[in-house]
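Novice: Right, I'll just put the structure down here and ask away after.
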Amino acid sequence: MRIAVVGSGYVGLVAGACFAELGHEVILVDNVEEKVAALQRGETPIHEKFLPELLDRHRNSRIKFTSDLSAAVEKSQAVFIAVGTPPKEDGDADLSYVESVARDVARCVGSEYKIVVEKSTVPVYTSDWIRKIMVLNGANPDHFDVTSNPEFLREGTAVSDFLYPDRIVIGAESERARAMLRECYAPMTSGDYYRRPTAIPAPDAAKLPPRVIETSPKSAELIKHASNAFLAMKISFVNAVANMCEAVGADVEQVCEGVGSDNRIGRRFLYPGIGYGGSCFPKDVSAFRSVARECGYDFRLLEEVMRINDNQRDRFLRKIRKALWTLNGKKLAVLGLAFKGGTDDVRESPAIALVKSLVREGAECVCYDPAAVERARVELPTKAVTYASSPYEAAQGAHALVILTDWEEFSLLDLDRLHSALRYPIVIDGRNLYKPALMAEAGFHYHSVGRPETVPAKREVSAMNAA
Ligand code: UGA
Numbered sequence: 196m197r198i199a200v201v202g203s204g205y206v207g208l209v210a211g212a213c214f215a216e217l218g219h220e221v222i223l224v225d226n227v228e229e230k231v232a233a234l235q236r237g238e239t240p241i242h243e244k245f246l247p248e249l250l251d252r253h254r255n256s257r258i259k260f261t262s263d264l265s266a267a268v269e270k271s272q273a274v275f276i277a278v279g280t281p282p283k284e285d286g287d288a289d290l291s292y293v294e295s296v297a298r299d300v301a302r303c304v305g306s307e308y309k310i311v312v313e314k315s316t317v318p319v320y321t322s323d324w325i326r327k328i329m330v331l332n333g334a335n336p337d338h339f340d341v342t343s344n345p346e347f348l349r350e351g352t353a354v355s356d357f358l359y360p361d362r363i364v365i366g367a368e369s370e371r372a373r374a375m376l377r378e379c380y381a382p383m384t385s386g387d388y389y390r391r392p393t394a395i396p397a398p399d400a401a402k403l404p405p406r407v408i409e410t411s412p413k414s415a416e417l418i419k420h421a422s423n424a425f426l427a428m429k430i431s432f433v434n435a436v437a438n439m440c441e442a443v444g445a446d447v448e449q450v451c452e453g454v455g456s457d458n459r460i461g462r463r464f465l466y467p468g469i470g471y472g473g474s475c476f477p478k479d480v481s482a483f484r485s486v487a488r489e490c491g492y493d494f495r496l497l498e499e500v501m502r503i504n505d506n507q508r509d510r511f512l513r514k515i516r517k518a519l520w521t522l523n524g525k526k527l528a529v530l531g532l533a534f535k536g537g538t539d540d541v542r543e544s545p546a547i548a549l550v551k552s553l554v555r556e557g558a559e560c561v562c563y564d565p566a567a568v569e570r571a572r573v574e575l576p577t578k579a580v581t582y583a584s585s586p587y588e589a590a591q592g593a594h595a596l597v598i599l600t601d602w603e604e605f606s607l608l609d610l611d612r613l614h615s616a617l618r619y620p621i622v623i624d625g626r627n628l629y630k631p632a633l634m635a636e637a638g639f640h641y642h643s644v645g646r647p648e649t650v651p652a653k654r655e656v657s658a659m660n661a662a
């Protein structure tokens, strides 16, 4: 298939690279010339496992980059819209970029039949609007169909999620459009891709070939919003349970093990912490609530999901305060700035929000993150935040270590080395990366989420007394 992907953000870039990997001819379009030039030079603008390999493999053969939308659309049979849908002040999704692309596509859709595919997360009815806008801008309705093919990839594992999805959702009204979308994924649904020796390795839980769900565009649009809202609800639910555990002295990890081992509930996304962040959940829960309201349904559950999420960060701040008594003048080692491990993305990162609060209260933060420092610098333009090149350097002389992102390397720290580096042996872990008993054994005062605090088992807190 000849595919144009409009928008080279996370979804567009990963989708484009993966479609090329599946054997399609892809033109990736972005209206920011510098981005296009950087991609043509061989740069990968985001930190994403396997993405540089795929782009190197297919650059200038099966994937090309351009800012010329008309030329890309004219040559293509399928046009995927993967531009941003950022939140507006009132929580609605801003669909002006989608509308602008629909207008431009309308002008060059030509007479060869094409499908226009929504890949961005959009509210229900967007496909109807795209169609209307295209017709109003001169496109012949016999020459195109608008379809919805939502993407479920997570940052950090985006390439594997795309190539090994739990499901492929095809939302189309006509059989012709459905058949073309099926063709886009045929190497996956036939299993051919997975038999290639060069295929990106399958994640452990991959069920092959992936399941295909064929439905209407409206249902497809709802599947995407409802999936993200449900996952966010699961996280807020477990955070609320963690707060209950703290109130009664229970252990949320054990509670989640018990609850999550019910197959109907499942263990995934049942990890408490400092609240969900990123460019998707906060925006999508809020947009879904707005869409529901517009459609005449008051989806108040979603308001509570958001309230619990905001509250979770405040609770963690109180936890840090409680562990250190006062924050003014304290030096804190902060591990993690990205909104989750495996990515350099700091959009809506609870870690960034917490660092801002700590600084407001007079603390100095020495931060370490394996990938997100560049982006964090822009968000934290203050002298009170400095950056270290390792967790141990960050910990040197700090009054406490605060863990804010679930990078794997933060769960594998050399605890003796950490203990020697810190001024006070205090660890406040917002991601529950360690077993409390192990931390007590290693000589730390350990505070985590939804689990009892522990104090050093063996070592005397000499540093604390000396200070
Ligand atoms: C999310 C969805 O998981 C994807 O399926 C979806 O395609 C994507 O949004 C999107 O709409 O584009 P992503 O934002 O990359 O993916 O990140 P997640 O792995 O879902 O994590 C979101 C947030 O929830 C992070 O801050 C993470 O730390 C937090 N989280 C996740 C928890 O606090 N607990 C958990 O158990 C799981």
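For what it's worth, this note's numbering labels the leading residue of the sequence shown as 196, then goes sequentially.
Glycine residues also receive a C-beta, built at the ideal position from the N, C-alpha and C atoms.
Between which residues of its own chain and Thr-649 is the CB-CB distance below 8 Å, once the five residues before and five after are set aside?
Specialist: So the list reads Pro-631, Ala-632, Met-634, Ala-635, Phe-639, His-640, Tyr-641, once near-sequence residues are dropped.
Novice: Within its chain, find whatever has a CB closer than 8 Å to the CB of Ser-585; leave out the 5 residues flanking it on each side and keep chain order.
Specialist: Within the same chain, Ser-585 has close Cβ partners Tyr-563.
Novice: Taking the CB atoms as reference points, tell me whether Phe-464 and Ile-430 lie closer together than 8 Å.
Specialist: Closer than 8 Å, so yes.
Novice: Does the contact criterion of 3 or more C-beta pairs under 8 Å hold for the segment 388 to 400 versus the segment 424 to 442?
Specialist: Judged by Cβ distances under 8 Å, the segment 388 to 400 makes no contact with the segment 424 to 442, as fewer than three pairs qualify.
Novice: Please list, in chain order, all residues of the same chain as Phe-605 whose beta carbon is under 6 Å from its beta carbon, the five residues on each side excluded.
Specialist: Excluding residues within five positions, the ones whose Cβ falls inside 6 Å are Leu-530, Ile-598, Leu-628.
Novice: Heavy atom of ligand 1 less than 7 Å from the Cβ of Leu-348, yes or no?
Specialist: Under cutoff, so the answer is yes.
Novice: Going by DSSP, what residue range makes up the alpha helix (DSSP H) through Glu-307?
Specialist: No alpha helix (DSSP H) contains Glu-307, which DSSP labels as neither H nor E.
Novice: Applying the 10 Å Cβ sphere with the 16-neighbour rule, what's the burial state of Leu-208?
Specialist: The residue is buried, with at least 16 neighbouring Cβ atoms inside 10 Å.
Novice: So, at 6 Å on beta carbons, what are the nonlocal neighbours of Ser-552 in its own chain, with the 5 sequence-adjacent residues on each side left out?
Specialist: So the list reads Leu-512, once near-sequence residues are dropped.
Novice: Find the nearest neighbour of Asp-540 within the set Asp-505, Leu-596, Gly-473, judged by alpha-carbon distance.
Specialist: Closest option to Asp-540, Cα to Cα, is Gly-473.
Novice: Apart from the five residues just before and just after Cys-213, which ones in its own chain have a Cβ nearer than 8 Å to its Cβ?
Specialist: Within the same chain, Cys-213 has close Cβ partners Leu-249, Val-354, Phe-357, Leu-358.
Novice: Measure how close the beta-carbons of Val-364 and Ile-408 come, nearest whole angstrom, since I'm counting them as under 8 Å.
Specialist: Right, the Cβ-Cβ distance comes to about 5 Å (below 8 Å), so this counts as a contact.
Novice: Does the segment 477 to 492 come into contact with the segment 439 to 446, if we say contact requires no fewer than three beta-carbon pairs (one atom in each stretch) closer than 8 Å?
Specialist: The segment 477 to 492 is not in contact with the segment 439 to 446.
Novice: Going by the CB atoms, is the gap between His-253 and Ala-215 shorter than 8 Å?
Specialist: Yes. Within cutoff.
Novice: Which residue wins for smallest C-alpha separation from Glu-269, given the options Asn-438, Asn-423, His-338, Lys-517?
Specialist: Answer by Cα proximity: His-338.
Novice: Closer than 7 Å to a non-hydrogen atom of ligand 1 - does that hold for the CB of Gly-472?
Specialist: At least one heavy atom of ligand 1 is nearer than 7 Å to the Cβ of Gly-472, so yes.
Novice: What residue from Ser-265, Ala-579, Ile-469 has the CA that sits closest to Asn-434's CA?
Specialist: Here the closest residue by C-alpha is Ile-469.
Novice: Could you tell me the boundaries of the beta strand (DSSP E) in which Val-278 lies?
Specialist: Taken as a continuous stretch (DSSP letters only), Val-278 belongs to no beta strand (DSSP E), as it is neither H nor E.
Novice: Check the Cβ-Cβ distances between Arg-406 and every residue of chain C, and say whether any is below 8 Å.
Specialist: In the displayed structure, chain C is absent; only one protein chain is listed.
Novice: Three or more C-beta pairs closer than 8 Å, one from the segment 263 to 279 and one from the segment 312 to 328: is that the case here?
Specialist: Yes: the two stretches touch, three or more of their Cβ pairs being nearer than 8 Å.
Novice: Does the beta carbon of Cys-379 fall short of 7 Å from some heavy atom of ligand 1?
Specialist: Cys-379: no, Cβ never under 7 Å from ligand 1.
Novice: Taking the alpha-carbon positions, what's the Gly-557 to Ile-325 distance?
Specialist: Cα-Cα distance, rounded: 50 Å.
Novice: Glu-452: buried (16+ other C-beta within 10 angstroms of its C-beta) or exposed?
Specialist: Exposed, since its Cβ has fewer than 16 Cβ neighbours within 10 Å.
Novice: If we ignore side chains and look at the alpha-carbon of each, how far apart do Ala-663 and Ala-589 end up?
Specialist: No information on residue 663 is available, as it lies outside the stretch 196 to 662 that the chain covers here.
Novice: Among Thr-342, Leu-610, Val-573, which one has its Cα closest to the Cα of Thr-410?
Specialist: Closest by alpha carbon: Thr-342.
Novice: Could I get the ranges of all uninterrupted beta strand (DSSP E) runs contained in the segment 401 to 444, with 3 residues as the minimum, in chain order?
Specialist: DSSP runs (the beta strand (DSSP E)) wholly in the segment 401 to 444: 406 to 410.
Novice: Is Tyr-492 buried or exposed, if buried means 16 or more other CB atoms sit within 10 Å of its CB?
Specialist: Classification for Tyr-492: exposed.
Novice: Return yes when the C-beta of Cys-475 is under 7 Å from any heavy atom of ligand 1, and no when it is not.
Specialist: Indeed, a heavy atom of ligand 1 lies less than 7 Å from the Cβ.
Novice: Report buried or exposed for Met-507, applying the criterion of at least 16 other Cβ atoms within 10 angstroms of its Cβ.
Specialist: According to the sequence provided, residue 507 is Gln. The question's Met does not apply to it. Gln-507 is buried by the Cβ-count criterion.
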